[in-house]
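Trainee: First the structure, which I've put down as structure tokens, then a few questions once you've had a look.
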Amino acid sequence: ELLLDFYTSSRKQKPDQIIIFRDGVSESQFNQVLNIELDQIIEACKFLDDKWNPKFTVIIAQKNHHTKFFQNGSPDNVPPGTVIDKQICHPRNNDFYICSHAGMIGTTRPTHYHVLMDEIGFTADDMQELVHSLSYVYQRSTTAISVVAPVCYAHLAAAQMQQFLKFEDMSESSSSHGGVTSATGVPVPELPKLHANVSSSMFFC
């Protein structure tokens, strides 16, 4: 449904290249992202147009790690835009650390990016430049943030939906008044009807 909404709102233009940023994923779940989540996205593309075969690039952003960088002989943080892609990175996988923001207090923690799939064919420099540039387009900040903006917008969208979807303390009697039941048997409340002016745009309360 989301893909269909995007297709309609973009004047029925289908992108030839799709870049997916994902966070909140541990290294043990990387295969799940490729084998389950990406397959579902490809299936949705085929549902919209069986001949549509976009190229995908899948990137995982990890903030919860214990790696920090320091300047040699200086108490200051590393400069914004610092990229580490050698020595401490995986010897075979495509991953890199980037510290895109300027830490005001304490030691800045870089974001660890893992490129799980790159059908588009980015060079290492182009990939790192893309990630760094996307750290500057977050609407709520006038400077770079520590992670790419699409990840932050995804968190805002999830927090917005959390205001409407409450799964705790839901009895069978309450589910009989509306909504649907998920595959796991948990009742899912019915979403409120959005106004047409905001139904296809990002809005925050």
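So the mapping is simple: the numbering used here equals the position in the sequence shown, first residue as 1, plus 144. Glycine residues also receive a C-beta, built at the ideal position from the N, C-alpha and C atoms.
In chain order, what are the residue ranges of uninterrupted beta strand (DSSP E) at least 3 long that sit wholly in the stretch 246-302?
Mentor: 255-262
Trainee: Applying the 10 Å Cβ sphere with the 16-neighbour rule, what's the burial state of Q206?
Mentor: buried
Trainee: Any contact between the stretch 259-266 and the stretch 190-203? By contact I mean 3 or more CB pairs, one from each, below 8 Å.
Mentor: yes
Trainee: By DSSP, does Q184 sit in helix, in strand, or in coil?
Mentor: If DSSP states are grouped into helix, strand and coil, Q184 belongs with the helices.
Trainee: Any idea what DSSP makes of F213, helix, strand or coil?
Mentor: coil
Trainee: Just to confirm my understanding: we take I228, look at its own chain, exclude 5 residues before and 5 after, and list those with CB closer than 6 Å. What are they?
Mentor: Y241
Trainee: Check V177 in the structure and name its three-state DSSP category.
Mentor: helix
Trainee: Can you give the Cα-Cα distance for I358 and T255, rounded to whole angstroms?
Mentor: With the chain covering only 145 through 349, there is no way to say anything about residue 358.
Trainee: Measure the C-alpha to C-alpha separation of H299 and T252 and round it to an integer number of angstroms.
Mentor: 21 Å
Trainee: So what does DSSP say about K190, is it helix, strand or coil?
Mentor: helix
Trainee: Less than 9 Å separating the beta-carbons of I295 and D167?
Mentor: A small correction: the amino acid at residue 295 is Val; Ile does not occupy that position in the sequence shown. In this structure, D167 lies closer than 9 Å to V295 by Cβ.
Trainee: How big is the Cα-Cα spacing for F165 and P219?
Mentor: 33 Å
Trainee: Determine the burial state of Q149: buried for a count of at least 16 other Cβ atoms within 10 Å of its Cβ, exposed for fewer.
Mentor: What sits at residue 149 in the sequence shown is Asp, not Gln. Exposed is the call here.
Trainee: Can you tell which of C243, L309 and T226 has the C-alpha that lies nearest to the C-alpha of V291?
Mentor: C243
Trainee: Starting from D149, follow the alpha helix (DSSP H) in both directions and report where the run begins and ends.
Mentor: L146 to S153
Trainee: Exposed or buried, which one is N221 when buried takes at least 16 other CB atoms within 10 Å?
Mentor: buried
Trainee: Beta-carbon separation of L278 and A302 under 9 Å?
Mentor: no
Trainee: Please list the terminal residues of the continuous beta strand (DSSP E) segment that includes Q161.
Mentor: Q161 to D167
Trainee: Looking at the structure shown, is Q365 part of a helix, part of a strand, or coil, going by DSSP?
Mentor: Since the first residue of the chain shown is 145 and the last is 349, residue 365 is not available in this structure.
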